[in-house]
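Undergrad: There's a structure below that I have some questions on.
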Amino acid sequence: MCAAHAVRRPASAEPGPLPIEPSRVSTGWSVLPSRVAAMCAVELQKLRHDRTELYTRAIQPALWLLIFGETFTRIGAIPTGQVPYLDFLAPGIIAQSAMFIAIFYGIQIIWERDAGVLNKLLVTPTPRSALVTGKAFAAGVKALIQAVVVILIAAVLGVGLTWNPLRLAGVALVVVLGSAFFACLSMTIAGIVLTRDRLMGIGQAITMPLFFASNALYPVALMPSWLQVVSRANPLSYEVDALRGLLIGTPAHLPLDLGVLCFAALVGIVSASALMGRLAR
Numbered sequence: 000m001c002a003a004h005a006v007r008r009p010a011s012a013e014p015g016p017l018p019i020e021p022s023r024v025s026t027g028w029s030v031l032p033s034r035v036a037a038m039c040a041v042e043l044q045k046l047r048h049d050r051t052e053l054y055t056r057a058i059q060p061a062l063w064l065l066i067f068g069e070t071f072t073r074i075g076a077i078p079t080g081q082v083p084y085l086d087f088l089a090p091g092i093i094a095q096s097a098m099f100i101a102i103f104y105g106i107q108i109i110w111e112r113d114a115g116v117l118n119k120l121l122v123t124p125t126p127r128s129a130l131v132t133g134k135a136f137a138a139g140v141k142a143l144i145q146a147v148v149v150i151l152i153a154a155v156l157g158v159g160l161t162w163n164p165l166r167l168a169g170v171a172l173v174v175v176l177g178s179a180f181f182a183c184l185s186m187t188i189a190g191i192v193l194t195r196d197r198l199m200g201i202g203q204a205i206t207m208p209l210f211f212a213s214n215a216l217y218p219v220a221l222m223p224s225w226l227q228v229v230s231r232a233n234p235l236s237y238e239v240d241a242l243r244g245l246l247i248g249t250p251a252h253l254p255l256d257l258g259v260l261c262f263a264a265l266v267g268i269v270s271a272s273a274l275m276g277r278l279a280r
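Numbering that gives the first Met the number 0 puts the first residue of the sequence shown at 0, with every later residue one more than the last.
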């Protein structure tokens with residue numbers, strides 16, 4: 000047979016490309032570290048572009064230490080044992096300044112709701128609890144920067160602070176945990192009142208009672224019995240107790256303090272997460 004009349008067999012079809020499996024979207028608690036890191040990075044970017052808030056917020060704790068602390072140290076009106084009153088006061092002012100930053104954090108959530116940012120965040124696969132946790136610890140980053148400023152002011156005034164790296168790391172942990180709780184408390188209130196004006200009013204109404212009903216300004220033993228009960232239920236008291244033990248070496252109950260702060264932060268995350276959907280409606 001001639002080659003021209005040869006029957007050509009069809010070439011075997013080559014196998015097509017293998018189907019590409021769509022990438023799985025990370026959900027659940029696996030995204031928590033990245034969410035926290037992202038929120039913290041956002042806060043650091045804000046501070047890098049506008050340091051005005053950092054400077055203005057340093058004025059109030061500086062006044063507390065310079066005026067209130069120096070005056071009450073001189074007159075000896077508040078007995079604090081062998082510890083100078085200014086040394087006793089400094090950890091309380093660190094906790095106070097961190098609380099004042101975090102307690103109004105819910106205003107930012109309401110602003111994000113009004114700008115449509117919150118709805119976009121909630122439709123992502125990220126669970127609400129991870130979102131709330133990220134924002135809570137982002138507030139802790141801002142409070143930690145504020146705490147560094149207060150520590151430097153206290154050092155200039157002669158407060159006998161420790162510079163042990165392990166103790167300072169413990170101070171950072173305590174400040175972040177305390178700030179996370181108060182930020183979650185603010186976000187919880189935001190989910191209830193839904194407006195910035197109401198949140199601002201409630202925040203201003205509860206900050207000073209929380210401050211004065213703690214051991215930040217005076218020992219618990221000097222309080223009336225009913226106020227001692229309130230102080231023991233106040234997470235700020237445990238934050239101050241831990242900061243005093245770590246910074247100036249006074250007797251403290253660090254395991255109890257850290258346990259209460261961790262539990263309070265966890266409860267705050269759960270309550271704020273439960274109300275996040277209501278805030279976004």
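Cβ atoms here follow ideal geometry from the backbone N, Cα and C, with glycine treated the same way.
This structure is a prediction, so every number in the text was calculated from the model and none was measured.
Three Cβ pairs or more, each shorter than 8 Å: is that satisfied between the stretch 230 to 242 and the stretch 168 to 176?
TA: The stretch 230 to 242, when compared against the stretch 168 to 176, does touch it at the 8 Å Cβ threshold.
Undergrad: At what residues does the alpha helix (DSSP H) containing F283 begin and finish?
TA: In the structure as shown, the chain starts at 0 and stops at 280, and residue 283 therefore has no counterpart that could be examined.
Undergrad: Excluding sequence positions up to five away, which residues of its chain have a Cβ less than 7 Å from the Cβ of L176?
TA: So the list reads L260, C261, A264, once near-sequence residues are dropped.
Undergrad: Once DSSP output is grouped into helix, strand and coil, what is the label at V269?
TA: Here V269 sits in helix by DSSP.
Undergrad: With a threshold of 16 other CB atoms inside 10 Å of the CB of V149, please say whether the residue is buried or exposed.
TA: That one is buried.
Undergrad: Run the CB neighbour count on Y54, radius 10 Å, all protein chains shown included, and call it buried at 16 or more, exposed below.
TA: Exposed is the call here.
Undergrad: For the stretch 60 to 70 against the stretch 83 to 93, do three or more pairs of beta-carbon atoms, one drawn from each stretch, fall closer than 8 Å, so that the two count as touching?
TA: As far as the Cβ criterion goes, the stretch 60 to 70 touches the stretch 83 to 93, which means the pair count is three or higher.
Undergrad: Contact defined as beta carbons within less than 8 Å: I believe L198 pairs with M98. What is the distance between those atoms, to the nearest angstrom?
TA: L198 to M98, Cβ: 15 Å. No contact.
Undergrad: Here's a check: name, in chain order, each residue in its chain whose Cβ is nearer than 6 Å to the Cβ of G68, leaving out the five neighbours to either side.
TA: These residues qualify, in order along the chain: L85, L88.
Undergrad: Exposed or buried, what is N214 when buried is set at 16 or more other beta-carbons lying within 10 Å of its beta-carbon?
TA: N214 comes out buried.
Undergrad: Counting C-beta neighbours from all protein chains within 10 Å, is the total for D196 16 or more, i.e. buried, or is it exposed?
TA: D196 comes out exposed.
Undergrad: By how many angstroms is the C-alpha of L143 removed from the C-alpha of V116?
TA: Distance between the alpha carbons of V116 and L143 is about 26 Å.
Undergrad: What are the boundary residues of the alpha helix (DSSP H) that M222 is part of?
TA: Taken as a continuous stretch (DSSP letters only), M222 belongs to no alpha helix (DSSP H), as it is neither H nor E.
Undergrad: Once DSSP output is grouped into helix, strand and coil, what is the label at P60?
TA: Three-state result, P60: helix.
Undergrad: Just curious, the alpha helix (DSSP H) that I150 is in, first and last residue?
TA: Start and end: 127 to 155.
Undergrad: How big is the Cα-Cα spacing for K134 and S236?
TA: Distance between the alpha carbons of K134 and S236 is about 23 Å.
Undergrad: Hey, quick one: how far does the alpha helix (DSSP H) through S236 stretch, first residue to last?
TA: Element bounds for S236: 234 to 246.
Undergrad: Taking buried to mean at least 16 other C-beta atoms within 10 Å of its own C-beta, is D256 buried or exposed?
TA: Per the 10 Å Cβ criterion, buried.
Undergrad: Can you tell me whether N233 is buried or exposed? The criterion is at least 16 other CB atoms within 10 Å of its CB, across all chains shown.
TA: Buried, since its Cβ has 16 or more Cβ neighbours within 10 Å.
Undergrad: What are the complete alpha helix (DSSP H) segments, minimum 4 residues, inside the stretch 64 to 89?
TA: With a minimum length of 4 residues, the continuous alpha helix (DSSP H) runs that stay inside the stretch 64 to 89 are 69 to 74.
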